[in-house]
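Below is one structure, written out as structure tokens; the observations come after it.
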Amino acid sequence: MRSSPRNRTNCICVVTITAVLIFVGNVPAAGNVPGSEQPVPVEQTDVALGVGRVELATAEVTTDAAPEVVLPATIETDHSEMRQTGSSTNDIVAQLDGFAEPSRIGSSLKIVMTMSVISLAPAILLMTTSFIRITIVLGLLRQALGAQQLPPNQVTTSLALFMTAMIMWPVWTRVYEDAVVPYSDPNVEMSMAEAWEIGSEPVRHFMISQIEFAHNTDDVRLFVQYTPNAKKDPETYDDVPTQALLPAFVLSELKTAFLLGFQIYLPFLIIDIVVSTLTTSMGMVMLPPTMMSLPFKLLLFVLVDGWHLIVGMLLESFGTYG
């Protein structure tokens with residue numbers, strides 16, 4: 118017997134619903150699917166794994182407690198470093214306090230003053246000798262010749278030093294015999310102040326003689342007026358302090374050196390003027406006059422024995438020390 122379409126439809130629906138129910142009943146839960154991984158709590162792992170659970174639990178506990186174990190050691194190390202830093206700082210402060218004692222300050226100042234005097238000694242010795250005048254005159258001679266590198270600086274400086282040693286030898290001899298030898302003798306009682314006063318007397322006498330010989334006493338009065346605690350109108354040079362006599366001597370030496378340099382410059386200047394006039398009148402404008410005048414200057418200097426004249430003039434300008 119043929120079934121109606123409605124009956125067929127009802128049968129299909131019943132079969133479909135039955136198949137779906139059977140399929141749903143056979144599908145396992147998500148947690149029971151083989152191959153799926155799911156984090157297991159520590160308690161479940163303890164029950165399931167037996168001996169292996171101890172290692173996992175220990176690893177988790179150690180990981181969680183690591184900051185608590187390392188932190189006290191770090192803090193203790195920091196405290197020890199702070200204690201070491203504090204102790205070193207206290208040692209430095211104690212050393213500074215020791216250096217701040219009056220006895221050590223006095224010795225330190227003496228060392229500093231001694232080193233300062235030693236470093237300034239060459240300049241002081243040169244400024245109180247004939248070196249100023251000699252080196253300036255030789256420098257002006259080189260400029261007058263027009264040869265900027267002849268003679269070289271080493272040659273002129275060496276000549277100035279040798280002439281200075283020759284001129285100042287009597288002065289230094291008196292200083293050595295009157296001050297250095299007695300002060301070095303243990304059998305002679307002489308203080309540093311007494312040795313300084315006796316040793317500076319020959320040097321003062323030399324500077325005074327050069328100022329008087331060059332008639333530059335006005336320079337002494339100039340510096341005395343601006344020197345504190347000094348007699349404004351000194352009657353003798355004994356009333357002039359050394360701090361005023363030193364710059365007066367240097368200024369006097371500069372004046373004398375420039376006067377001597379002018380006397381040396383004048384004949385070479387005449388040669389420059391003559392050569393420049395001749396080259397201009399002949400139309401040789403492009404030819405430097407200094408190139409033409411240099412041979413004539415050297416010829417004149419050699420013919421008149423210029424070195425002998427200049428050195429003799431310098432020695433004569435210092436007079437006779439005595």
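Position one of the sequence shown corresponds to residue 118 (this note's numbering), numbered consecutively onward.
We put the beta carbon where it would ideally sit given N, CA and C, even for glycine.
Could you spell out the range, first to last residue, of the alpha helix (DSSP H) harbouring residue i?
i, result
"D389", "359-398"
"L404", "That residue, L404, is in no alpha helix (DSSP H); it is neither H nor E in DSSP."
"P345", "Per DSSP, P345 belongs to no alpha helix (DSSP H) and is neither H nor E."
"T252", "248-262"
"S301", "298-301"
If you draw a straight line from the C-alpha of residue i to the C-alpha of residue j, how long is it?
i, j, result
"V428", "A238", "27 Å"
"G423", "A261", "12 Å"
"L242", "V357", "20 Å"
"L377", "V254", "7 Å"
"T397", "D336", "45 Å"
"V297", "E311", "11 Å"
"I328", "S275", "25 Å"
"W313", "E433", "30 Å"
"I129", "T135", "10 Å"
"F323", "I228", "31 Å"
"Y293", "T344", "30 Å"
"P364", "L267", "31 Å"
"S233", "L339", "28 Å"
"F330", "A374", "13 Å"
Quick check on residue i: does DSSP put it in helix, strand or coil?
i, result
"N270", "helix"
"F435", "coil"
"H322", "helix"
"H332", "coil"
"Q265", "coil"
"P287", "helix"
"D350", "coil"
"E306", "coil"
"D422", "coil"
"T194", "Only weak support exists for where T194 lies, its pLDDT of 46 falling under 50; the value from the coordinates is given anyway. Reduced to three states, the DSSP call for T194 is helix."
"T245", "coil"
Does the beta-carbon of residue i have 16 or more other beta-carbons within 10 angstroms, so that it is buried, or is it exposed?
i, result
"M430", "exposed"
"Q380", "exposed"
"D350", "exposed"
"L245", "Just to set this straight, residue 245 is Thr in the shown sequence, not Leu. That one is buried."
"P319", "buried"
"V288", "buried"
"D355", "exposed"
"A240", "exposed"
"M403", "exposed"
"L426", "exposed"
"L420", "exposed"
"D389", "buried"
"V97", "The first residue shown for the chain is 118 and the last is 439, placing residue 97 beyond what the model contains."
Taking Cβ positions only, does residue i come closer than 9 Å to chain D?
i, result
"P358", "Checking the listed chains, one finds no chain D in this structure; it contains a single protein chain."
Nearest by alpha-carbon distance to residue i: which of the options is it?
i, options, result
"M283", "M409, G263, F248, P412", "F248"
"K372", "W289, L426, I129, H332", "H332"
"T394", "G436, L415, M409, M309", "M409"
"L416", "V402, F385, P405", "F385"
"T251", "H425, E370, V419", "Checking the displayed sequence, the identity of residue 251 turns out to be Ile instead of Thr. Of the candidates H425, E370, V419, the one whose C-alpha sits nearest the C-alpha of I251 is E370."
"T264", "V421, F413, G436", "The residue you asked about is not Thr; residue 264 is Ala in the sequence shown. The option with the nearest alpha carbon to A264 is F413."
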